[in-house]
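Working notes, beginning with the structure itself.
2 protein chains.
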Amino acid sequence: MSTKPQQERSLGTPEVSIRKVAELAGVSIATVSRCLNEPDRVREKTRLKVQEAIVATGYAPNTLARNFRRGRTNLIMVVLPSVGDPFFTGVLEGIRRVVTQRGYTLIISETSASTLSADEMGAMLVSRQADGFILLASNFPFGEGAGPVPSRGAQPIVIGCETMSASLSDVPSVHIDNVQAAHDATDYLLAQGHRRIAFMTGQVDSRLTRDRERGYRQAMEAASQSVAADWVVEGGLSLEGAARATRLLLEHPLRPTAIFCANDEMAMGCLQALKAARIEVPAAISVMGFDDIRYAAVCNPALTTVAQPTELIGERVAQRMLDAIDGHAGEGSGSEVVPHRLVIRESVSKPPSGD
Amino acid sequence: MSTKPQQERSLGTPEVSIRKVAELAGVSIATVSRCLNEPDRVREKTRLKVQEAIVATGYAPNTLARNFRRGRTNLIMVVLPSVGDPFFTGVLEGIRRVVTQRGYTLIISETSASTLSADEMGAMLVSRQADGFILLASNFPFGEGAGPVPSRGAQPIVIGCETMSASLSDVPSVHIDNVQAAHDATDYLLAQGHRRIAFMTGQVDSRLTRDRERGYRQAMEAASQSVAADWVVEGGLSLEGAARATRLLLEHPLRPTAIFCANDEMAMGCLQALKAARIEVPAAISVMGFDDIRYAAVCNPALTTVAQPTELIGERVAQRMLDAIDGHAGEGSGSEVVPHRLVIRESVSKPPSGD
DNA sequence: GTAATTATTGTAAACGTTTACAGTCGTAGT
DNA sequence: ACTACGACTGTAAACGTTTACAATAATTAC
Numbered sequence: 474m475s476t477k478p479q480q481e482r483s484l485g486t487p488e489v490s491i492r493k494v495a496e497l498a499g500v501s502i503a504t505v506s507r508c509l510n511e512p513d514r515v516r517e518k519t520r521l522k523v524q525e526a527i528v529a530t531g532y533a534p535n536t537l538a539r540n541f542r543r544g545r546t547n548l549i550m551v552v553l554p555s556v557g558d559p560f561f562t563g564v565l566e567g568i569r570r571v572v573t574q575r576g577y578t579l580i581i582s583e584t585s586a587s588t589l590s591a592d593e594m595g596a597m598l599v600s601r602q603a604d605g606f607i608l609l610a611s612n613f614p615f616g617e618g619a620g621p622v623p624s625r626g627a628q629p630i631v632i633g634c635e636t637m638s639a640s641l642s643d644v645p646s647v648h649i650d651n652v653q654a655a656h657d658a659t660d661y662l663l664a665q666g667h668r669r670i671a672f673m674t675g676q677v678d679s680r681l682t683r684d685r686e687r688g689y690r691q692a693m694e695a696a697s698q699s700v701a702a703d704w705v706v707e708g709g710l711s712l713e714g715a716a717r718a719t720r721l722l723l724e725h726p727l728r729p730t731a732i733f734c735a736n737d738e739m740a741m742g743c744l745q746a747l748k749a750a751r752i753e754v755p756a757a758i759s760v761m762g763f764d765d766i767r768y769a770a771v772c773n774p775a776l777t778t779v780a781q782p783t784e785l786i787g788e789r790v791a792q793r794m795l796d797a798i799d800g801h802a803g804e805g806s807g808s809e810v811v812p813h814r815l816v817i818r819e820s821v822s823k824p825p826s827g828d
Numbered sequence: 474m475s476t477k478p479q480q481e482r483s484l485g486t487p488e489v490s491i492r493k494v495a496e497l498a499g500v501s502i503a504t505v506s507r508c509l510n511e512p513d514r515v516r517e518k519t520r521l522k523v524q525e526a527i528v529a530t531g532y533a534p535n536t537l538a539r540n541f542r543r544g545r546t547n548l549i550m551v552v553l554p555s556v557g558d559p560f561f562t563g564v565l566e567g568i569r570r571v572v573t574q575r576g577y578t579l580i581i582s583e584t585s586a587s588t589l590s591a592d593e594m595g596a597m598l599v600s601r602q603a604d605g606f607i608l609l610a611s612n613f614p615f616g617e618g619a620g621p622v623p624s625r626g627a628q629p630i631v632i633g634c635e636t637m638s639a640s641l642s643d644v645p646s647v648h649i650d651n652v653q654a655a656h657d658a659t660d661y662l663l664a665q666g667h668r669r670i671a672f673m674t675g676q677v678d679s680r681l682t683r684d685r686e687r688g689y690r691q692a693m694e695a696a697s698q699s700v701a702a703d704w705v706v707e708g709g710l711s712l713e714g715a716a717r718a719t720r721l722l723l724e725h726p727l728r729p730t731a732i733f734c735a736n737d738e739m740a741m742g743c744l745q746a747l748k749a750a751r752i753e754v755p756a757a758i759s760v761m762g763f764d765d766i767r768y769a770a771v772c773n774p775a776l777t778t779v780a781q782p783t784e785l786i787g788e789r790v791a792q793r794m795l796d797a798i799d800g801h802a803g804e805g806s807g808s809e810v811v812p813h814r815l816v817i818r819e820s821v822s823k824p825p826s827g828d
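Heads up: the protein sequence lines correspond to chains A and B, in order.
Residue numbers for the first sequence follow my numbering, beginning at 474 and rising by one.
Residue numbers for the second sequence follow my numbering, beginning at 474 and rising by one.
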């Protein structure tokens with residue numbers, strides 16, 4: 474009724490604990506706790522009294538204390554290399570769908586390779602900040618001979634999209650067959666008549682892009698096509714890196730008629746560089762992407778690319794995580810392969826007639 | 474030396490607490506704790522003994538217990554609407570730069586409007602899971618008359634990129650002047666000679682896009698241009714929604730010569746729909762974006778758009794957060810406006826000569 | 001060598017919950 | 001009304017730290 478809005482009562486509350494509620498309701502703290510956690514074990518009448526006291530005091534359980542006492546957080550943490558990467562939208566959607574249904578909350582941690590040292594990563598996994606860790610990134614300071622996975626046995630780890638080295642095959646993972654997928658994509662380029670096919674990798678130390686490169690080389694070899702020196706360039710998984718790498722390829726004495734990029738981000742950078750160089754795509758040079766991020770269809774020309782079933786990966790990876798948390802560990806360790814799919818749009822055509 | 478790799482000692486460790494370390498080192502638990510937290514208050518010799526015991530036992534402090542006891546987590550949580558959104562890359566980079574320097578760890582929480590109920594959001598903010606919350610999303614169940622900000626006074630809240638309603642102006646925030654920015658962008662379209670300018674908004678209930686719409690309307694009015702009915706369409710901030718909205722605009726009896734999209738994502742969807750309709754951009758229709766995400770420059774035609782200083786926003790918002798945590802609350806409340814910038818690329822030109 | 005001072009360590013309480021166990025109350029069967 | 005049983009509630013311990021305070025050891029000043 475007053476002209477100025479009434480003061481919210483939420484500021485500066487000193488901190489109300491379960492004791493105050495118990496006192497006000499005239500019950501023991503145990504009863505209050507039970508009201509919150511197993512309401513059917515307490516009499517209706519008392520429950521109401523307690524409920525009343527809770528709202529009266531504005532009590533909210535101290536999550537820190539609760540987590541400590543329970544020994545768990547009800548949190549699942551997914552670690553990914555970059556938050557702005559559209560590839561993860563679907564994966565996260567899938568993960569969320571299954572974990573929230575089971576009462577877990579999702580938190581995300583970004584690990585730009587630059588910012589995360591081995592120690593930090595180890596500390597994160599070892600700290601009990603979450604009940605489980607879903608790793609969607611590969612740049613970890615373990616595996617690949619860099620050290621053991623720092624699992625204390627308590628917080629399970631599941632890997633999505635990425636493959637770990639063979640020695641870590643006991644860590645459950647869900648991913649496509651990157652070698653085969655890249656092989657298929659290369660085969661498609663070959664089938665279109667391309668012979669001079671370049672490959673743009675990410676970082677050389679990334680298992681993921683190395684697998685894709687392997688598939689590319691296998692397909693080339695199977696088609697008896699040699700891969701010229703410097704046809705495999707490094708695009709750093711970024712737009713700018715890809716543009717730079719593309720310019721390199723354009724100066725190559727044996728200029729490729731097709732460029733197979735290890736992901737769509739780089740393919741977009743590649744398209745940009747080609748456009749800047751006034752080179753028609755796909756008329757003069759074809760471009761193949763990988764991942765089928767949502768922008769792939771929006772590119773001009775729209776990207777021909779390899780699609781991953783991102784939501785499925787998310788769901789499967791989350792399911793594996795829940796299983797691991799519940800202790801059904803043994804049954805499902807090892808890696809699970811989901812299908813990929815070639816998506817044909819506009820950025821690939823037959824090579825120019827001269828070739 | 475054996476052929477198979479030695480068994481990692483990390484599995485199934487029952488759980489080693491500070492007591493075991495103390496026992497092994499022959500000191501009290503207090504000393505162990507001090508070794509970890511204030512090493513200079515303990516004698517060199519003992520510190521070495523303890524250090525030894527720590528590695529021998531494989532001890533790692535229980536973060537849950539520590540957080541509980543300390544009453545804080547050393548975590549800062551940033552809440553954003555969608556993890557796959559490239560807009561946030563820069564903001565997060567900025568935030569990370571300043572908070573990590575102060576020893577905080579960043580965690581991210583996604584709040585797709587669909588998945589987050591008012592209760593959940595309130596619970597999250599009220600739970601002490603993080604020492605502070607940086608909100609980069611607007612779809613919150615408070616403000617705008619939906620209820621008070623559930624701040625318990627303990628965990629500060631800072632808002633980035635978004636503006637809250639006036640009644641919440643005590644929550645610190647950092648953002649551009651969205652009204653003015655949209656005004657400027659519209660002015661640019663007008664200066665190019667456009668008169669029939671459409672506007673594509675996000676969700677109608679979003680303060681952010683409403684502000685931009687307001688700027689658009691102001692500019693139109695200032696130029697004495699009327700906004701035809703159904704020239705303001707809803708694109709839902711998504712590619713598909715934008716494509717749909719664009720098709721609607723194409724059927725409009727007074728077809729616009731320019732479409733101003735409230736963000737780049739929608740602008741890209743718009744471009745896609747125009748391409749599908751075989752309409753040349755910008756020759757036949759100009760498209761103006763907003764945000765200058767990294768793909769804006771890669772679009773074909775490259776997007777003319779409004780750039781936000783994302784990293785700066787991140788840095789400022791993080792600084793406000795640290796100030797708030799340190800209790801320097803009063804000095805910096807209220808909103809802070811950072812500059813925007815028009816980025817002129819290819820998607821806007823003069824209207825076709827007939828107009 | 002003794003006293004005063006400081007540096008280092010130990011003791012024990014506290015943080016706010018949850019939960020095993022014991023106790024009490026209510027109800028129903030006799 | 002008494003007993004027995006079940007439903008409900010209370011007591012108190014425990015979780016693993018950190019930290020105020022007390023106690024001891026080492027060092028310095030005489």
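Beta carbons are placed, not taken as given, at the ideal position from N, Cα and C, and that holds for glycine.
- Task: Alpha carbon to alpha carbon, how far is V489(B) from T530(B)? Give it in angstroms, no decimals.
- Result: Each residue's Cα considered, the two are about 7 angstroms apart.
- Item | Which residues DSSP lists as bridging I632(B), in chain order | L608(B), S646(B)
- Could you name the residues of the same chain whose beta carbon sits closer than 7 angstroms to that of G563(A), not counting the 5 residues immediately before and after it, in chain order? Around G563(A): T783, E784, G787.
- Do you know offhand how far V500(B)'s Cα is from D799(B)'s? 35 angstroms
- Task: Please determine if the stretch 737-755 of chain A and the stretch 543-550 of chain B are in contact, where contact requires at least 3 C-beta pairs separated by less than 8 angstroms.
- Result: no
- From what residue to what residue does the beta strand (DSSP E) around E511(A) run? Taken as a continuous stretch (DSSP letters only), E511(A) belongs to no beta strand (DSSP E), as it is neither H nor E.
- Task: Go through its chain and collect everything with a Cβ distance to V523(A)'s Cβ below 6 angstroms, but skip five positions before and after it.
- Result: A498, V505, C508
- Task: Could you work out which residue in V494(B), S699(B), E738(B), R569(B) is closest to E707(B) when comparing CA atoms only?
- Result: Ranking V494(B), S699(B), E738(B), R569(B) by CA distance to the CA of E707(B) puts E738(B) first.
- So the alpha helix (DSSP H) E713(B) belongs to, where does it begin and stop? 712-723
- Message: Quick check: is the beta carbon of I580(A) nearer than 9 angstroms to any beta carbon in chain B?
- Response: yes
- Query: Which residue comes first and which comes last in the alpha helix (DSSP H) that contains C743(A)?
  - Reply: Taken as a continuous stretch (DSSP letters only), the alpha helix (DSSP H) holding C743(A) covers 737-749.
- Determine the direct distance from the alpha carbon of R668(A) to that of P554(B), and round the result to whole angstroms. Between P554(B) and R668(A), the C-alpha separation is close to 45 angstroms.
- Task: Pull up the distance between the alpha-carbon of F733(B) and that of A695(B), whole angstroms please.
- Result: For F733(B) and A695(B), the distance between alpha carbons rounds to 17 angstroms.
- Message: Looking at the secondary structure, which residues open and close the alpha helix (DSSP H) in which V494(B) lies?
- Response: 491-498
- Message: Please report the straight-line C-alpha distance between V677(B) and D650(A), rounded to a whole angstrom.
- Response: Taking the Cα positions, V677(B) is about 43 angstroms away from D650(A).
- Item | Rounded straight-line distance, which links the Cα of T777(A) to that of L747(A) | 16 angstroms
- Item | Any C-beta of chain A under 9 angstroms from that of F561(B) | Yes, because at least one Cβ of chain A sits closer than 9 angstroms to the Cβ of F561(B).
- Message: Out of S582(A), T636(A), L548(A), R575(A), which one is the CA nearest neighbour of S646(A)?
- Response: Checked all of S582(A), T636(A), L548(A), R575(A); the closest Cα to S646(A) is T636(A).
- Message: Contact between the stretch 807-821 of chain B and the stretch 678-686 of chain B is defined here as three or more beta-carbon pairs at a separation below 8 angstroms; is this criterion met?
- Response: no
- Query: Could you give the C-beta distance for L712(B) and R818(A), rounded to a whole number, given that I count them as a contact under 8 angstroms?
  - Reply: In fact, because the Cβ distance is near 15 angstroms, the residues do not count as touching under 8 angstroms.
- Query: Out of curiosity, what's the CA-to-CA distance linking P512(A) and A495(A)?
  - Reply: 15 angstroms
- Residue environment, L521(B), which counts as buried when at least 16 other CB atoms sit within 10 Å: exposed
- Cβ of K748(A) within 9 angstroms of any chain B Cβ: yes
- Query: Apart from the five residues on each side of it in sequence, which residues of its chain come closer than 7 angstroms, Cβ to Cβ, to F606(B)?
  - Reply: M550, V552, L598, Q628, I630
- Item | chain A contact for S490(B) (CB, 9 angstroms cutoff) | no
- For R814(A), does the three-state DSSP call read helix, strand or coil? strand
- What first and last residue would you give for the beta strand (DSSP E) that runs through V779(B)? 778-780
- Item | Closer than 9 angstroms to chain A by CB, Q524(B) | No, Q524(B) does not count as interfacial toward chain A.
- Task: Indicate whether at least one CB of chain A lies closer than 9 angstroms to the CB of Y689(B).
- Result: no
- Message: I want to see whether chain B comes within less than 9 angstroms of F733(A), judged by CB atoms only; does it?
- Response: no
- Message: Output needed for A655(A): all residues of its chain with C-beta closer than 6 angstroms, excluding positions within five of it in sequence on either side, in chain order.
- Response: So the list reads R685, G688, Y689, once near-sequence residues are dropped.
- Rounded straight-line distance, which links the Cα of G709(B) to that of L795(B): 34 angstroms
- Message: Would you say C830(A) lies against chain B (beta-carbon separation less than 9 angstroms)?
- Response: It is not possible to answer for residue 830(A), since the shown part of chain A is limited to 474 through 828.
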